[in-house]
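I have placed the structure first, in the form of structure tokens, so that the comments after it can refer back to it.
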Amino acid sequence: MDTSESSTMKMAASCARKTTWTYSMMEGFLLVLHLLVGCMLVSAVDKNNFKTCSQSSFCQRNRDLKSGNSPYEALMDTLKISDDLLQLVVLNSATGGKLQLELIGLDQSIVRLRIKDPFNRRYEVPDVVQPDLQKSRWKVVQSSGSLEAKLPQDVTVRLTPHPLRLDLLQKDDVVISVNSRGLMNYELQSEKKSPRSPEQEGLGAGEEDPEEPNNWEETFKTHKDSRPKGPTSVGVDFCFPGFDHVYGIPEHADTFALKTTVSTDPYRLYNLDVFEYELYNPMALYGSVPYMLAHNSERTVGLLWLNAAETWIDISSNTADKSMFNRMLDLVRDTEVPQVDTHWFSESGILDVFFFMGPTAEEVMYQYALVTGMPQFPPLFAIAYHQSRWNYNDEDDVKSVDAKFDEHDIPCDVIWLDIEHTDGKRYMTWDSHKFSHPEEMQNQVAAKGRKMVTIVDPHLKKDSGFHLHKQAVDNGFLVKTHDNNEYEGWCWPGSSSYPDFTRADTRNWWAEQLSLENYKGSTPHLFTWNDMNEPSVFNGPEVTMHKDAIHQDGWEHRDVHNLYGLYVHMATVDGQHRRSNGKERSFVLSRAFFTGSQKYGAIWTGDNEASWEHLKISMPMLLSISIAGIPFIGADVGGFFKNPEPELLTRWYQAAAFQPFFRAHAHLDTKRREPWLLPPNMMDVVRMAIRTRYALLPYWYTAFYKASKTGQPVMRPMWLAFPDDPKTFAMEDQFMIGDSLLVEPVTSKGASSVSVYFPGQDTIWYDVKTAQKYTGPSTQTIYVNLEKIPVFQRGGTIVPRKERVRRCSFLGIEDPYTLIVALDTKHQASGQLYMDDGHSLDFKSGFFQYKHISFQNNVIQSRSLDMNARYKTKSWLERVVVLGMEKSPSSIQLSGDLIETHNVEFSFNEDSKVLVIRKPEVNMATDWVMTLRQ
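In structure tokens, the structure reads:
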């Protein structure tokens, strides 16, 4: 593209013309410049807009610390013990400063460590940790020089007082060490020193060092941060002995297994609006989850760094960082125990850390969900296919798109509207010319069983005539500047104000605005998309809010930054619940996220681009977010920026059909790319990929229900299913959906084959299309054409499907089921099926069915996992397909609740070893038994 100045200004002016603002010439000029951030299709992110560690004084100070010689020591004579709580004073021997340490024992092998300044108030993250966590009683043993505190679940914390060090043991093995490298740093709040007078400049030894220049004010580009409290960073090191791999701390466009940062910047957690982000880079993106897991063949552990301020994490290891010479030396001496060393530091707040001791990966994920909240159980339509772009032009465009899906027999559940549907970027309003009958439009879409989504961003157009802005001003709901004026920034509407979502009364007001009465033109069929909620401020430092902006109770934005998007998400979900009087499940998509966002709904990976590289990176990005506790995740199909070639778009649909959140979306300046605009042969392939998603909705829905009860991800890394297989530990190109389906998306142009690793000793894997068998552990070359999606069902599992083609999920809610039974080497299999009405919260009152289905000893059985379940359905069992059947039965007999025992029809293919049982016609809400007689 032409990157000349004139071309740049033309693009910005073109973008500006798409708005209806009124502003002064100077304001217009400034806005045109800042719109370049959001509107230009640049070749790569401008990294100059975002800080490196060397440009952040607190990052550099903490990174410059040398290991060893820690000044912190525990004063054992201050020790207090009371059931679940252990307290003592920690002294900084270099400064004389004192801190309070708390060690809290929690049920389910969870330990919480808190260290804070008892004399000065610091921000402590609220609204994330679940209330009423079950405590666990410490058993404390003191000896000379150390202290051991034990929990009932074979968890021990060993505290060494001088220098301060904590070791967490699972049984007798140290699995996490705290401050073993001596990098703990807690910058106590202090008074700003007066500058030296000219007479004092000549004073010599004995004088204090002059104040560091960036301690009380810091400048990045043209932006000044007043930093009135001075340096208040906190940091400490955590080491994982016995581990080679760590994961998590999303969001980064990087590998799934985290890399060493010895020769790069640390991984950064600071929610930012980064368009067309760079790949394989530790720079911050839209969301932050300060949660890390370490995994090896024996166990998994995790830690949560509960801090909402800007955070950096350095990673090194005694294996990855060795020279080749030292690795060769290891071959001629005893093998060194691997260890991953991490160093965490945040700009403000306290040290508040949860340790999840496992020892299995499933237990760690459950422990994390107990602390931060179980994932939301979404409505059925939300996990189906969504069609979006910036923007569908008007009501006729929406009507046409809706009709085209039916014309081409392509299922779709949701049509989205971006910012252009509003009245001049005033959210929760409608363009009176293009969308003059919004209720009628939504009702027409809903008549086919579909839903709609509108974008509702958290910045408010600064306009006294805009009802939301006026109410926010009148009620004092807006973020303030450091000198107590209304904070003003630039975003899509031009000059904008930002509600203080850290306030409960602001969130309550926001939720009320989503009611049918207040959000004029909305209907119960309309759902919400929260974008730009990092928050994005086009003319702010790093395209976000100034750190010295003021929130409720005087807290600075630097303290709460990474929480802001979560609070927007929380308030919007609350509004949808209120709209239905607490009867319906919500659906809200958010771009920014934090620990706990899983309680509110879906997130996506932001402004990706139409390239094979971005298709590939979507897998490790989604896996990283998934294991960090947020299962409802996706990446924009086709890439948000640029125009995908037909093959790329086709392959992207195939990959995304096996990702939890399935939405196509595109930038305003891209060509239209709805499926029917592809060449006919490729449209057929995309149609089949979307239909495959719909056929598997019963399996997806069951997986999401399990996630809501256990915290287990829906999209899973291979090592979660095969935790003792080192070949899976760094694997990111293939993954599992639930515990049954292995997926290896095709992500290379012109690919004619893919390499698939089938794990598991003597585990059988069946190609879902051909029933061809593969046995693990083995690596196989799988040949692919354009139609082929390499998906394999694990032997020993049962996958429910619905094979009827419908225009949307709602119309198939009572369609019949097909069960795919994949036998293992013992000729056994099992699976679950969850059923309810697909949309309401009635399941919480028992209106659901949860079935365990098994094949054992030639008997297929379905039984209820909850005898109090009372959901009734018309869905019946249409077909059972058994893969790996050695020989044909002579007859098959069906019996069960209210069923007269009778034989059912079947056929058997001797070559493929596939048994098909036809039309048992048993209601899926009942318990039944099918006996295969030889």
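Per our numbering, residue 94 is the first one in the sequence shown, and the count goes up by one each step.
We treat Cβ as the ideally placed atom computed from N, Cα and C, and that holds for glycine.
Keep in mind the model is a prediction, meaning the values are calculated, not measured.
Beta-bridge partners of F815, as assigned by DSSP: None, per the DSSP bridge assignment.
DSSP bridge partner residues for R756 (one or two, in chain order): Paired residue(s): H479.
At least 3 beta-carbon pairs within less than 8 Å: the segment 716 to 729 vs the segment 751 to 764: As far as the Cβ criterion goes, the segment 716 to 729 touches the segment 751 to 764, which means the pair count is three or higher.
From K692, V847 and L834, residue whose alpha carbon lies closest to that of T803: Looking at the Cα atoms, K692 is the closest of the given residues.
With 16 other Cβ atoms within 10 Å as the buried cut-off, status of F734: buried
Close Cβ partners of V636 (< 7 Å) along its chain, the five nearest in sequence each way excluded: Short of 7 Å from the beta carbon of V636, and not among the five residues preceding or following it, lie these beta carbons of its own chain, in chain order: V130, N142, L365, D366, S629 and V630.
At least three beta-carbon pairs within less than 8 Å, the segment 686 to 706 to the segment 379 to 391: yes
Backbone secondary structure at G299 - three-state DSSP: Only weak support exists for where G299 lies, its pLDDT of 40 falling under 50; the value from the coordinates is given anyway. Three-state result, G299: coil.
V681 beta carbon less than 8 Å from that of F594: no
Neighbour-count burial assignment, D489, 16 or more Cβ in a 10 Å radius: The Cβ neighbour count for D489, taken over all protein chains shown within 10 Å, is under 16; the residue is labelled exposed.
Beta-carbon proximity check, P375 vs R361, cutoff 8 Å: yes
Contact between the segment 870 to 881 and the segment 787 to 806 (3+ Cβ pairs under 8 Å): Result no; under three Cβ-Cβ pairs closer than 8 Å.
Other residues of its chain near K555: CB distance less than 7 Å, five sequence neighbours each side excluded: H562, E581, S588, S589 and S590
Length at least 4, wholly inside the segment 456 to 511: the alpha helix (DSSP H) runs in chain order: Correct list: 488 to 500.
Close-in-space but distant-in-sequence residues of the same chain around K36 (CB under 6 Å, 5 per side omitted): Outside the displayed range of the chain (94 to 1027) lies residue 36, so it cannot be described from this structure.
Q227, buried or exposed, once every other Cβ within 10 Å from all chains shown has been counted against 16: exposed
Beta-carbon proximity list for S596, same chain, < 8 Å, skipping 5 on both sides: First, the residue type needs correcting, since residue 596 is Arg and not Ser in the sequence shown. Counting only Cβ-Cβ distances below 8 Å, and skipping sequence neighbours, we find F570, H644 and Q645.
Inter-stretch contact at 8 Å, needing at least 3 Cβ pairs: the segment 390 to 401 / the segment 450 to 462: yes
Cut-off 6 Å between Cβ atoms - residues of its own chain near G668, not counting five sequence neighbours on either side: A604 and L607
Beta strand (DSSP E) runs wholly inside the segment 573 to 643, at least 3 long, in chain order: Within the segment 573 to 643, the complete beta strand (DSSP E) runs of at least 3 residues are 582 to 584, 587 to 590 and 619 to 623.
Element boundaries [alpha helix (DSSP H), containing I723]: Segment: none, I723 is in no alpha helix (DSSP H) and carries neither H nor E.
Residues near W745 in its chain [Cβ-Cβ closer than 8 Å; skip 5 each side]: L708, V730, G731, G732 and P737
Buried versus exposed, by CB contacts within 10 Å (16 or more), T188: exposed
Rounded Cβ spacing between I203 and L194 (contact assumed at less than 8 Å): So it is not a contact: roughly 17 Å between Cβ atoms.
Span of the beta strand (DSSP E), counted from its first residue to its last, around R900: Careful: R900 lies outside any beta strand (DSSP E) and carries neither H nor E.
Cα-Cα separation between E610 and S525, rounded to whole angstroms: 18 Å
Same chain only: Cβ atoms within 6 Å of A242, ignoring 5 sequence neighbours per side: L179, W231, V233 and V250
Given 8 Å, three or more beta-carbon pairs between the segment 511 to 528 and the segment 479 to 487: yes
Where V807 falls: helix, strand or coil (DSSP): coil
Neighbourhood of E880 by C-beta distance below 6 Å, restricted to the same chain and skipping five residues each side: If you ignore the 5 residues before and after E880, its C-beta comes within less than 6 Å of the C-beta of V778, all in its own chain and listed in chain order.
Euclidean distance between Cα positions of S988 and E907: 22 Å
6 Å CB neighbourhood of A695 in its chain, flanking five on each side removed: Within the same chain, Cβ atoms closer than 6 Å to the Cβ of A695 are found at L682, F725 and F754, the five residues on either side in sequence being excluded.
Start-to-end residues for the beta strand (DSSP E) that takes in W697: A695 to W697
Neighbourhood of S409 by C-beta, 6 Å cutoff - its chain only, sequence neighbours within 5 removed: Here the set comprises T353, V355 and D434.
Rounded straight-line distance, which links the Cα of D550 to that of L134: At L134 the pLDDT is 39, less than 50, meaning the model places this residue with poor confidence; the figure from the coordinates comes in the next sentence. Their backbone Cα atoms lie some 22 Å apart in a straight line.
Contact set for D818: own chain, Cβ-Cβ below 6 Å, skip 5 residues either direction: Cβ neighbours of D818 beyond the five flanking positions: P852.
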